[in-house]
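Only one structure is covered here, and it is reproduced in the block below.
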Amino acid sequence: MSVMVARKKVVRKWEKLPGRNTFCCDGRIMMARQKGIFYLTLFLILGTCALFFAFECRYLAVQLSPAIPVFAAVLFLFAMATLLRTSFSDPGVIPRALPDEAAFIEMEIEATNGTVPQGQRPPPRIKNFQINNQIVKLKYCYTCKIFRPPRASHCSICDNCVERFDHHCPWVGNCVGKRNYRYFYLFILSLSLLTIYIFTFNIVYVALKSLKIGFLNTLKETPGTYPSTVRRGCSQSLTVLTVLEVLICFFTLWSVVGLTGFHTFLVALNQTTNEDIKGSWTGKNRVQNPYSHGNIVKNCCEVLCGPLPPSVLDRRGILQQEESTAQEESCPRGPSAQEPIAAEGPSGQAEESSAQQKDGSLPHLSAVPAPSLSNAEMPEEKQLTSGELPVPSQDAGQAEH
Numbered sequence: 001m002s003v004m005v006a007r008k009k010v011v012r013k014w015e016k017l018p019g020r021n022t023f024c025c026d027g028r029i030m031m032a033r034q035k036g037i038f039y040l041t042l043f044l045i046l047g048t049c050a051l052f053f054a055f056e057c058r059y060l061a062v063q064l065s066p067a068i069p070v071f072a073a074v075l076f077l078f079a080m081a082t083l084l085r086t087s088f089s090d091p092g093v094i095p096r097a098l099p100d101e102a103a104f105i106e107m108e109i110e111a112t113n114g115t116v117p118q119g120q121r122p123p124p125r126i127k128n129f130q131i132n133n134q135i136v137k138l139k140y141c142y143t144c145k146i147f148r149p150p151r152a153s154h155c156s157i158c159d160n161c162v163e164r165f166d167h168h169c170p171w172v173g174n175c176v177g178k179r180n181y182r183y184f185y186l187f188i189l190s191l192s193l194l195t196i197y198i199f200t201f202n203i204v205y206v207a208l209k210s211l212k213i214g215f216l217n218t219l220k221e222t223p224g225t226y227p228s229t230v231r232r233g234c235s236q237s238l239t240v241l242t243v244l245e246v247l248i249c250f251f252t253l254w255s256v257v258g259l260t261g262f263h264t265f266l267v268a269l270n271q272t273t274n275e276d277i278k279g280s281w282t283g284k285n286r287v288q289n290p291y292s293h294g295n296i297v298k299n300c301c302e303v304l305c306g307p308l309p310p311s312v313l314d315r316r317g318i319l320q321q322e323e324s325t326a327q328e329e330s331c332p333r334g335p336s337a338q339e340p341i342a343a344e345g346p347s348g349q350a351e352e353s354s355a356q357q358k359d360g361s362l363p364h365l366s367a368v369p370a371p372s373l374s375n376a377e378m379p380e381e382k383q384l385t386s387g388e389l390p391v392p393s394q395d396a397g398q399a400e401h
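Under full-length UniProt numbering, the sequence shown is numbered contiguously, ending at residue 401.
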């Protein structure tokens with residue numbers, strides 16, 4: 001006996017979200033698909049700090065102060081925490097319009113613009129919005145089928161509209177928007193301090209060693225150890241790692257510190273990188289920034305210390321889909337399992353007759369009496385086959401009367 005059982009398969013919303021993003025840990029981690037440069041960032045930070053903690057910190061902790069590796073560890077952990085928070089979080093992606101919502105917006109636009117003659121270009125889909133006595137234009141996104149909120153923009157790499165879009169940073173493997181900009185700023189700030197710290201104490205290490213044994217002997221000696229405890233070949237190979245560490249810090253110093261200074265300037269003006277590149281508030285119109293409070297402290301507090309809005313994606317929300325599966329169950333029916341025959345009306349008789357036909361037994365005929373002859377005593381043309389019902393003849397009916 002086959003029974004259809006409806007099972008509910010739990011599907012999370014992140015599995016059906018459009019756009020070019022990757023999700024891990026059941027939707028808790030959200031990143032862009034292009035993560036190669038992000039892995040390079042992790043390798044450079046972890047590799048440089050590992051060399052510094054393994055060699056220079058050991059010598060400096062003994063010669064100068066044990067607080068040097070402690071402070072370096074604090075900077076390293078803070079930089080890694082803000083990097084992962086920036087890379088793994090939702091930057092402020094705006095959900096796309098549902099089909100009904102998109103159809104309603106299209107009807108609203110057609111009602112506003114009217115019918116456009118064939119061959120003419122339709123007018124731009126723009127809404128005017130007033131913020132602090134300034135007119136701000138809300139542009140229509142043809143991909144997401146929505147009018148983007150103020151300061152939002154569509155990222156061509158992630159294929160999503162992001163609220164307060166700043167830029168897409170391949171070094172962190174994610175967009176930088178309203179929900180992760182403060183962590184991005186804290187990451188580049190802490191990384192700048194960490195780079196300056198490591199580079200400075202590398203120079204201090206070389207200077208201290210040069211005063212004792214000379215500059216050339218310092219280059220030949222393994223960092224953080226003494227010449228008598230290390231072989232010459234190992235000393236020369238590890239010296240190359242020290243020089244590599246100094247070069248990484250030197251070239252990283254200019255780019256990271258310069259980027260930190262640029263974003264500090266943007267935070268002080270309450271402005272985004274996208275707005276600065278497009279010249280939204282410094283162009284020909286000379287329109288003032290309606291989001292600026294006119295005070296550096298207030299702007300910094302709003303950007304870095306303001307309330308963090310929740311994610312509107314609901315990535316881990318549940319979508320239920322029913323799947324019907326057939327299961328076969330054997331239900332033996334013995335004499336004890338048969339229901340007693342009672343006058344239950346037409347429905348009860350129908351159910352009883354159908355159940356008996358499935359078991360292969362003959363139905364009980366209460367209205368017509370069955371003949372008492374067996375199949376062996378009947379003529380050949382009158383013998384019953386399996387499952388055939390006995391039909392009384394007319395002579396039997398007359399004889400009964």
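Quick reminder that beta carbons are idealized off the backbone N, C-alpha and C, glycines included. Since this is a predicted model, take the numbers as computed values, not measurements.
Item, Value
"Where the alpha helix (DSSP H) through residue 486 begins and ends", "Limits of the chain in this structure are 1 at one end and 401 at the other, which puts residue 486 out of reach."
"Length of the line joining the Cα atoms of Ser87 and Tyr183", "9 angstroms"
"Buried versus exposed call for Ile198 [16 or more other C-beta atoms within 10 Å across all chains shown]", "buried"
"Host alpha helix (DSSP H) of Asn299 (start-end)", "296-305"
"Alpha-carbon spacing of Leu238 relative to Val256, whole angstroms", "At Leu238 the pLDDT is 49, less than 50, meaning the model places this residue with poor confidence; the figure from the coordinates comes in the next sentence. If you take the alpha carbons of Leu238 and Val256, they lie about 26 angstroms apart."
"Exposure of Lys127, with buried meaning 16 or more beta-carbon neighbours within 10 Å", "exposed"
"Alpha-carbon to alpha-carbon, Ser153 and Asp166", "9 angstroms"
"Option in Ala54, Leu84, Leu83 with minimal Cα separation from Ala72", "Ala54"
"Rounded distance between the beta-carbons of Lys9 and Asp314, thought under 8 angstroms", "That pair is no contact at about 19 angstroms."
"Strand pairing of Met31, partner residues [DSSP]", "Thr22"
"Reduced DSSP secondary structure (H/G/I, E/B, other) of Phe71", "helix"
"Supposed close pair Ile29, Ile94 - CB separation, criterion 8 angstroms", "Wrong, their Cβ atoms sit about 20 angstroms apart, outside the cutoff."
"DSSP state of Ser65 mapped onto helix, strand, coil", "coil"
"Cα-Cα separation, Val312 to Cys155", "17 angstroms"
"Whole-angstrom distance between Phe104 and Lys35, CA atom to CA atom", "37 angstroms"
"Bridge partner(s) assigned by DSSP for His168", "Cys175"
"Cα-Cα separation between Ser354 and Gly19, rounded to whole angstroms", "The pLDDT assigned to Ser354 is 45, lower than 50, so where the model puts this residue is not dependable; a value taken from the coordinates is nonetheless given after this. Rounded to whole angstroms, Ser354 to Gly19 spans 56 angstroms at the Cα level."
"Where Lys209 sits in the DSSP three-state scheme", "helix"
"Lys16 (DSSP reduced to helix, strand or coil)", "coil"
"Through-space distance from Arg316 to Glu15, alpha-carbon basis", "9 angstroms"
"Validate contact between the stretch 176-190 and the stretch 39-54 using beta carbons, cut 8 angstroms, 3 pairs", "no"
"Trp171, buried or exposed, once every other Cβ within 10 Å from all chains shown has been counted against 16", "buried"
"Beta-carbon spacing of Arg125, Ile135 below 7 angstroms", "no"
"Identity of the residue in Phe187, Tyr181, Thr22 nearest Met80 by Cα", "Phe187"
"Distance, Met31 Cα to Asn160 Cα", "12 angstroms"
"According to DSSP, residues forming a beta bridge with Asn128", "Lys137"
"Residues that DSSP places opposite Val93 in a beta bridge", "Val162"
"Through-space distance from Ile318 to Ile37, alpha-carbon basis", "33 angstroms"
"Beta-carbon gap between Ser192 and Thr82 smaller than 7 angstroms", "no"
"CB contact flag (Ile296, Ala268, <7 angstroms)", "yes"
"Nearest residue (CA-CA) to Cys305, options Asn21, Leu208, Asn180, Thr195", "Asn180"
"Length at least 4, wholly inside the stretch 249-299: the alpha helix (DSSP H) runs in chain order", "273-278"
"Ile157 beta carbon near the ligand ATP (any heavy atom closer than 6 angstroms)", "This structure lacks the ligand ATP; in fact it carries no ligand of any kind."
"Rounded distance between the beta-carbons of Ser292 and Asn274, thought under 8 angstroms", "At roughly 16 angstroms, the Cβ-Cβ gap does not stay under 8 angstroms, so Asn274 and Ser292 are not in contact."
"Limits of the alpha helix (DSSP H) - the one that Cys49 falls within", "36-51"
"Sequence-distant residues of its chain with Cβ nearer than 8 angstroms to Leu75 (five each side left out)", "Ser190, Leu193, Leu194, Tyr197"
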